[in-house]
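Residue numbers (numbering that gives the first Met the number 0): 0 to 438.
See below for the structure under consideration.
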Amino acid sequence: MSNQPWWRHAVIYQVYPRSWADADGDGIGDLPGITSRLEHLADLGVDALWLSPFYVSPQNDAGYDVADFRDVDPLFGTLDDFDALVERAHGLGLRVIVDVVPNHSSSEHPWFQAALAAGPGSAERARYVFRPGQGPDRSEPPNNWISNFGGSAWTRVTEADGTPGEWYLHLFDVTQPDFDWTNPEVREELHSVLRFWLDRGVDGFRIDVAHGLIKADGLPDADLLLDTVGSHTRLLPMWDQPEVHDVYRSWRTLVEGYAGSLADLWGQDDDRMLCGEAWVEPAHALAQYVRPDELHQTFNFSFLLTPWDAPALRDAIGRSLESAADVGAPQTWVLSNHDVVRHATRLGRSDATRVVDTEGIGPDDEQPDAELGLRRARAATTLMLALPGSAYLYQGEELGLPDATELPTDVLQDPTWELSGHERRGRDGCRVPVPWEST
Numbered sequence: 000m001s002n003q004p005w006w007r008h009a010v011i012y013q014v015y016p017r018s019w020a021d022a023d024g025d026g027i028g029d030l031p032g033i034t035s036r037l038e039h040l041a042d043l044g045v046d047a048l049w050l051s052p053f054y055v056s057p058q059n060d061a062g063y064d065v066a067d068f069r070d071v072d073p074l075f076g077t078l079d080d081f082d083a084l085v086e087r088a089h090g091l092g093l094r095v096i097v098d099v100v101p102n103h104s105s106s107e108h109p110w111f112q113a114a115l116a117a118g119p120g121s122a123e124r125a126r127y128v129f130r131p132g133q134g135p136d137r138s139e140p141p142n143n144w145i146s147n148f149g150g151s152a153w154t155r156v157t158e159a160d161g162t163p164g165e166w167y168l169h170l171f172d173v174t175q176p177d178f179d180w181t182n183p184e185v186r187e188e189l190h191s192v193l194r195f196w197l198d199r200g201v202d203g204f205r206i207d208v209a210h211g212l213i214k215a216d217g218l219p220d221a222d223l224l225l226d227t228v229g230s231h232t233r234l235l236p237m238w239d240q241p242e243v244h245d246v247y248r249s250w251r252t253l254v255e256g257y258a259g260s261l262a263d264l265w266g267q268d269d270d271r272m273l274c275g276e277a278w279v280e281p282a283h284a285l286a287q288y289v290r291p292d293e294l295h296q297t298f299n300f301s302f303l304l305t306p307w308d309a310p311a312l313r314d315a316i317g318r319s320l321e322s323a324a325d326v327g328a329p330q331t332w333v334l335s336n337h338d339v340v341r342h343a344t345r346l347g348r349s350d351a352t353r354v355v356d357t358e359g360i361g362p363d364d365e366q367p368d369a370e371l372g373l374r375r376a377r378a379a380t381t382l383m384l385a386l387p388g389s390a391y392l393y394q395g396e397e398l399g400l401p402d403a404t405e406l407p408t409d410v411l412q413d414p415t416w417e418l419s420g421h422e423r424r425g426r427d428g429c430r431v432p433v434p435w436e437s438t
């Protein structure tokens, strides 16, 4: 195993900055707080930490709406704080992975503000997906696409002269306009962002919505009966388009150019790594993302989605290992993250076949059996860590931390709650603070 690159067998720990550790006492986690607790991660024996977004953002979607890809939001600290975190982590033998959000920006990003000001047909608008509406007065959206958070994926803008104008695409929140990845300027900008953080010493990137970016030519209507995470992912015109692989080939070439730049720390085992969040099925389609010239890892969400049933788990593991082996890649296992109900909670439900849930659990819902959930979670995590490949742990997983299932609605922050018309509670329950002892 020592002859394999580190990322083929790593245990990587996800840190959600706003709820990990708070150094300045303002009630929000921050980079100095993370730095102060890095010894805990070193003691756990993990190989790396993955930082969820800490970039400048209006925080409409917990930092996944990025207004400046090259700076730290004052909520979390400064670039100097980031540099100190990386230096301390490296000193403890921990590599640092950071989130990158290439599918969209914040609506407060300077590029989008320039697009609004410049008007239809401008070079500024060409960085995003703007289209005229349908109908006699263009008052209907360009197509029938639905936002992941609920409602239409299109919003109409008011032009500078006060008249109703074009529509822009946002597959997530209305404040998260999608980039147009057919535009070479967008591709070069994200290359520049990657270089910025690589030059600051990061060891890799977790790529948000890695199966997005490219949309089908002509933006055709979607078959809304298809499940976005199912056997027909490629049939949906907003996900898993073939051209997205060209993006990751260019990214792989870019990061490989940094091999050896941290050799004083890691010796010959100095690869920079790319891990994709790609909700793609079936397994052989997901494996296309980890071919030798593309990403190093993609999260194995089929494992996370598998019911608590021994034959089902055995089949999912077997299919996953086989599909990865076909392209010479390792598997990358995960059970919990900031987007799903923690497995210590969902496995405590009376119906454990309902294993993944981004709608959240509220005080009026069936409450899980905490003891049963913890027992099963321990078994599931033990199984995951015994499997060949890499594994990701979500903060608090080592404690068996459950979801907060009794949050009142007036404290919910996930945009899913409002955009779904209060039908889906969202992901706040898995994002509550880690309970450190005050010693």
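From the three backbone atoms N, C-alpha and C, an ideal C-beta is built for every residue, glycine too.
DSSP state of residue i, grouped into three classes?
i, result
"Q287", "helix"
"G229", "In this predicted model, G229 has a pLDDT of only 46, less than 50, meaning its place in the structure is not dependable enough to derive any value."
"I449", "An answer regarding residue 449 cannot be provided, because it is not within the stretch 0 to 438 covered by the chain."
"F298", "coil"
"L224", "coil"
"G90", "helix"
"M0", "Unreliable placement is indicated for M0, whose pLDDT of 46 sits below 50; the coordinate value is still reported in the next sentence. DSSP places M0 in coil when its eight states are reduced to three."
"Q394", "coil"
"Q240", "coil"
"R36", "coil"
"D263", "helix"
"A66", "coil"
"L234", "helix"
"Y257", "coil"
"A117", "helix"
"R124", "helix"
"Y15", "coil"
"S249", "helix"
Taking the Cβ atom as the reference point for each residue, do residue i and residue j lie within a distance shorter than 8 angstroms?
i, j, result
"R345", "E293", "no"
"S330", "P241", "The amino acid at residue 330 is misidentified as Ser; the sequence shows Gln. No, Cβ-Cβ distance for Q330 and P241 is not below 8 angstroms."
"P57", "D64", "yes"
"F195", "V185", "no"
"Y247", "Y288", "yes"
"L193", "L253", "yes"
"P176", "V100", "no"
"I316", "F302", "yes"
Assign residue i to one of two classes, buried (16 or more other C-beta atoms within 10 Å of its C-beta) or exposed (fewer than that).
i, result
"L223", "exposed"
"Q3", "exposed"
"D350", "exposed"
"V354", "Residue confidence for V354 is low, a pLDDT of 47 falling below 50, so the modelled location carries little weight and cannot support an answer."
"W166", "buried"
"L43", "exposed"
"H421", "exposed"
Leaving out five residues on either side along the sequence, give the residues of the same chain with a beta carbon under 7 angstroms from the beta carbon of residue i.
i, result
"M383", "W332, L334 and A390"
"D413", "G425, R426 and D427"
"L312", "T305"
"R318", "A282"
"A83", "T34"
"F171", "D60, H103, S146, N147 and F148"
"D202", "A47, R94, V95, I96, R271 and M272"
Suppose the cutoff is 8 angstroms on Cβ atoms and the five residues either side in sequence are ignored; what does the same chain contact list for residue i look like?
i, result
"N182", "A125 and R126"
"A113", "E123"
"P219", "N142 and P236"
Among the residues of its own chain, which have a CB less than 6 angstroms from the CB of residue i, if the five just before and after it don't count?
i, result
"E187", "none"
"A343", "G372, L373, A376, G399 and P401"
"S260", "none"
"W5", "D268"
Subject >> Whole beta strand (DSSP E) elements within the region 140-211, 3-residue minimum >> reply: Those beta strand (DSSP E) runs which fall completely within the region 140-211 and span 3+ residues are 153-157, 163-168 and 203-206.
Original post:
Unbroken alpha helix (DSSP H) runs of length 4 or more, entirely within the region 315-385: which are they?
Top reply: If one requires a minimum length of 4 residues, the alpha helix (DSSP H) runs lying completely within the region 315-385 are 342-345 and 369-385, in chain order.
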